[in-house]
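See structure below.
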Amino acid sequence: KQEVTQIPAALSVPEGENLVLNCSFTDSAIYNLQWFRQDPGKGLTSLLLIQSSQREQTSGRLNASLDKSSGRSTLYIAASQPGDSATYLCAVPLVSGGYQKVTFGIGTKLQVIP
Amino acid sequence: DGGITQSPKYLFRKEGQNVTLSCEQNLNHDAMYWYRQDPGQGLRLIYYSQIVNDFQKGDIAEGYSVSREKKESFPLTVTSAQKNPTAFYLCASSPGQGTVRNEQFFGPGTRLTVL
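Those protein sequences? They're chains A and B, same order as listed.
So this note's numbering is basically just the index in the first sequence, starting at one, shifted up by 105.
So this note's numbering is basically just the index in the second sequence, starting at one, shifted up by 38.
The following block contains the structure:
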């Protein structure tokens with residue numbers, strides 16, 4: 106069974122700082138990993154998807170890396186802004202019994218202080 | 039606009055009632071999913087469907103039922119057998135297994151409260 110852990114659970118930083126969010130998973134037989142953002146009371150917004158054959162993926166100020174062998178992924182946010190305040194979740198799909206099931210971490214709640 | 043819609047946004051249920059949550063997508067995705075989110079817990083999978091007329095139980099299927107009669111629609115019924123249904127329910131879809139980029143997209147969610 107896949108287990109996904111996100112550290113830290115919460116993070117508060119001043120505006121402008123660069124920061125790193127961590128995600129670890131127990132079963133490295135994955136074929137991709139997805140990072141999401143969730144605002145309070147809203148659905149999840151997809152930020153980045155990294156295929157298992159990729160080492161990293163970039164979108165604007167966001168950079169996600171993947172190290173399958175060690176079971177880790179990081180989400181790097183450059184020059185943080187108050188609008189980045191949200192909960193960030195990572196998700197890892199695993200194929201079991203011919204079907205894909207996705208396991209989510211609990212998330213890291215980020216607060217960027219103006 | 040392509041996307042996933044969920045309705046209603048808020049739903050109140052009395053004890054002993056069945057209620058149905060709607061999920062519709064116009065992304066032409068084969069796979070659809072229902073998750074439940076509770077405070078302090080990660081998303082938990084209720085049911086998923088990889089293709090029309092086929093669905094599988096997730097980790098917490100007891101007290102829930104689904105149907106997948108159309109590709110665009112994956113309604114979730116919360117039955118009276120679900121003892122603690124108050125939660126935030128999220129529907130998602132993805133292109134499907136076997137696609138190169140099987141990225142999940144989510145709807146805005148339905149908040150269900152038992153009175």
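Beta carbons are placed, not taken as given, at the ideal position from N, Cα and C, and that holds for glycine.
Buried/exposed call for residue i, threshold 16 Cβ in 10 Å
i, result
"A:V125", "exposed"
"B:V116", "buried"
"B:G54", "exposed"
"A:A115", "exposed"
"B:I89", "exposed"
"B:Y85", "buried"
"A:G268", "Only positions 106 to 219 of chain A appear in the structure, and residue 268 of chain A is not among them; the question remains open."
"A:S157", "exposed"
"B:L153", "exposed"
"B:Y102", "buried"
Test item: CB-CB of residue i and residue j under 8 Å
i, j, result
"A:L48", "A:Q162", "The displayed coordinates of chain A run from 106 to 219. Any statement about residue 48 of chain A would go beyond what the structure contains."
"A:V200", "A:V109", "no"
"B:T151", "B:Q44", "no"
"B:H67", "B:P113", "no"
"A:I211", "B:G80", "yes"
Beta-bridge partners of residue i, as assigned by DSSP
i, result
"B:V104", "B:L114"
"A:A191", "A:L215"
"A:K206", "A:L199"
"B:Y48", "B:R149"
"A:E108", "Answer by DSSP bridge pairing: none, since A:E108 is not bridged."
"A:L167", "A:S164, A:I182"
7 Å Cβ shell around residue i - same chain, five flanking residues per side excluded
i, result
"A:Q186", "E120, V217"
Inter-stretch contact (C-beta, 8 Å, three-pair minimum) for the region 130-142 of chain B and the region 136-153 of chain A:
Enough Cβ pairs lie closer than 8 Å, so yes.
Is it the case that the region 68-78 of chain B contacts the region 117-133 of chain B, given that we only count it when at least three CB pairs across the two stretches are under 8 Å?
With a cut-off of 8 Å, the region 68-78 of chain B and the region 117-133 of chain B count as touching, because enough Cβ pairs lie within range.
Determine, using beta-carbon pairs with one atom in the region 51-67 of chain B and one in the region 99-118 of chain B, whether at least three such pairs fall under 8 Å.
Verdict: yes, contact present.
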